[in-house]
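Take the sequence shown: its position 118, counting from 1, is numbered 118 in the UniProt record's numbering, and each next residue is one higher. Glycine is no exception: its CB is placed at the ideal position from the N, C-alpha and C atoms. Here the structure comes first, spelled out in structure tokens, and everything after it is commentary.
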Amino acid sequence: MGMSLIYGILFLGMFFLIGITVLYFSIKKRTIIGIISSLVLIAPIVLFCLTNTIDELSISENDVNKDLAHLHIKLKDKFKILNNSVKGMPERIQETEIEISEMDKINIIQLIKNTPNFKSFNDESLTDTAMYQLNPNNEIINFKYPEFYSREIFKQIDDYPTRIQVTIEGSSNILKYRRIED
């Protein structure tokens, strides 16, 4: 994956340089066709650079419901997306905060607590490596730390190994979920 990404970036960089060169000479000679063709060459590179920003701004309730469905969580009441941030390329990390109803919070906590593989920890000492060792078969795992409840899965989603983690505090109606695509 690493070398193909580098080759792709070099290929796009060449198009960008060609587009900038054509734009420079087109502006100098005042040709409309040259300006338009250079903008067509430059646009994909600009869109590629803005991918994470576009993803941050375009999240919808439907996207949140699809991600939560992987963890068998269905929100029955309306919710509000408070914050969404997307980082990384090609490893993509999306962190989203949503405000849910008190009833949905209670249902999610009960769902986490009433599973056979529920584990309670005194601190957050369980590392990501340990999580992957506990979760080899796309199994949903459930934890309670002193401050929050957590429900996690690691599985293939859209041909990418993806980890989805949902956390909720017992004293707050803010549900946080993180989606990490390797």
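Here Lys113 carries a helix assignment [DSSP, helix/strand/coil]. By the neighbour-count criterion, in which 16 or more other beta carbons inside 10 Å mark a residue as buried, Lys105 falls on the buried side. Rounded to the nearest angstrom, the gap between the Cα atoms of Ser4 and Leu10 is 10 angstroms.
The secondary-structure analysis by DSSP pairs Pro161 across a beta bridge with Gln156. Sequence-distant Cβ neighbours of Phe118 in its own chain, meaning closer than 6 angstroms and more than five residues away, are Asn142. Assignment of beta-bridge partners to Val166 by DSSP yields Arg151 and Tyr177.
CA-to-CA, the gap between Phe148 and Lys113 works out to about 12 angstroms. In this structure, the straight-line span from the alpha carbon of Ile157 to that of Ser38 is close to 37 angstroms.
In the three-state scheme derived from DSSP, where H, G and I count as helix and E and B as strand, Leu50 is classed as coil. For Lys78, the secondary structure class from DSSP, reduced to helix, strand or coil, is coil. Assignment of Ile27 by DSSP, reduced to helix, strand and coil, places it in the helix class.
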